[in-house]
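Mapping to our numbering: the sequence shown position 210 is 193, numbers consecutive. For glycine and all other residues, C-beta sits at the position ideal for the given N, C-alpha and C. These numbers were taken from a predicted model, which means no experiment stands behind them. Report on one structure; see the data block that follows.
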Amino acid sequence: MLAAQTAAVQALVHPPEVDVSTSVVRSSGSPMFNIVVKGTVKELVAEANKLSWDAAKECKRQFMHDRLYYERKKDRIAPDYDRLFKHYAPMVASVVAALRQSLPATYTPRMFVARTLAFVQCLPYERAEGGFRRPLAVLTDLRGNCGSKTTLFLALLHHAYPTLDKCVCLIPQHVFAGVKLEKVEGDIMVGDENQFVAVEPVGPGRLAVGQLRPTSTPSLLRR
-16 MLAAQTAAVQ
-6 ALVHPPEVDV
4 STSVVRSSGS
14 PMFNIVVKGT
24 VKELVAEANK
34 LSWDAAKECK
44 RQFMHDRLYY
54 ERKKDRIAPD
64 YDRLFKHYAP
74 MVASVVAALR
84 QSLPATYTPR
94 MFVARTLAFV
104 QCLPYERAEG
114 GFRRPLAVLT
124 DLRGNCGSKT
134 TLFLALLHHA
144 YPTLDKCVCL
154 IPQHVFAGVK
164 LEKVEGDIMV
174 GDENQFVAVE
184 PVGPGRLAVG
194 QLRPTSTPSL
204 LRR
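Laid out in structure tokens, this is it:
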């Protein structure tokens, strides 16, 4: 990404009175893109500085968008979970077929959600330090963190039920899912209007549909 930003800035044409240079600096141990604009005409320097940073920011945004990431906070990149699970849904068709074969002929959406949840929970948990793994990598590497396993779960569910509403729930240090199912007694409901049944794919505990770990529910109400 830093190389792409450099190329984007260097492709700009500036007046000869302005000199624009780019570099990579360290901030808290992490590399950061930097632009330095020099010149004798204040207005030209300001214009070149704005154009250069605008080009670098747009390049960064497009770079992340193409790779299904986004900038959640300043200089903090996060997976775009919603786009990721929809993107990978067609690629997990064989797993969905196997899950369907393991169910009775008259299974309900909730039964499929429960079977899919149990399957994903069985995959070993990997701490966040291991980094985000995309759905196919979770299946081949047989491990994933909470965000990785939630994305796989939603990809499987989206392939099976593309019109069933789903959501990704992000709380500090954790990611889980919500599915718009008919509520049963004891279900924990999540979402802006508490319209989704909570689903905890991470494991290693075998939590049922509608249940969350105690650490996931400090601000959620059981309804």
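Close Cβ partners of residue i (< 7 Å) along its chain, the five nearest in sequence each way excluded
{"i": "V103", "result": "K132, L135, F136, P184"}
{"i": "A38", "result": "A(-9), V(-8), L(-5)"}
{"i": "H142", "result": "A72, P73, V75, A76, V79"}
{"i": "S35", "result": "V(-8), L(-5), V3, I18, V20"}
{"i": "K209", "result": "Summary: the structure shown does not reach residue 209, with the chain confined to residues -16 through 206, and so no result is reported for it."}
{"i": "R93", "result": "L164, V192"}
{"i": "R180", "result": "The identity of residue 180 in the sequence shown is Val, whereas the question assumes Arg. Excluding residues within five positions, the ones whose Cβ falls inside 7 Å are G161, V162, L164, K166, D170, M172, V192, G193."}
Residues sharing a beta bridge with residue i, DSSP
{"i": "M15", "result": "V8"}
{"i": "D2", "result": "K21"}
{"i": "R59", "result": "K56"}
{"i": "V207", "result": "For residue 207 there is no data in the structure shown, the boundaries of the chain being -16 and 206."}
{"i": "C150", "result": "G161"}
{"i": "G251", "result": "Given that the chain is displayed from residue -16 to residue 206, the structure contains no residue 251 and the question cannot be resolved."}
Whole-angstrom distance between residue j and residue i, CA atom to CA atom
{"i": "M172", "j": "V158", "result": "15 Å"}
{"i": "S72", "j": "L51", "result": "According to the sequence provided, residue 72 is Ala. The question's Ser does not apply to it. Looking at the two C-alpha atoms, the distance is approximately 14 Å."}
{"i": "Q156", "j": "A138", "result": "21 Å"}
{"i": "K25", "j": "N32", "result": "10 Å"}
{"i": "R196", "j": "V19", "result": "49 Å"}
{"i": "Y144", "j": "L153", "result": "22 Å"}
{"i": "E41", "j": "F95", "result": "41 Å"}
{"i": "Q45", "j": "G127", "result": "26 Å"}
{"i": "P87", "j": "Q178", "result": "27 Å"}
{"i": "G113", "j": "E30", "result": "42 Å"}
{"i": "T123", "j": "Y108", "result": "14 Å"}
Local conformation of residue i per DSSP, three classes
{"i": "A160", "result": "strand"}
{"i": "A88", "result": "coil"}
{"i": "A181", "result": "strand"}
6 Å CB neighbourhood of residue i in its chain, flanking five on each side removed
{"i": "L82", "result": "R98, T99"}
Nearest-angstrom beta carbon gap, residue j and residue i [assumed within contact, 8 Å]
{"i": "E0", "j": "T23", "result": "6 Å"}
{"i": "M15", "j": "V7", "result": "7 Å"}
{"i": "R117", "j": "L67", "result": "7 Å"}
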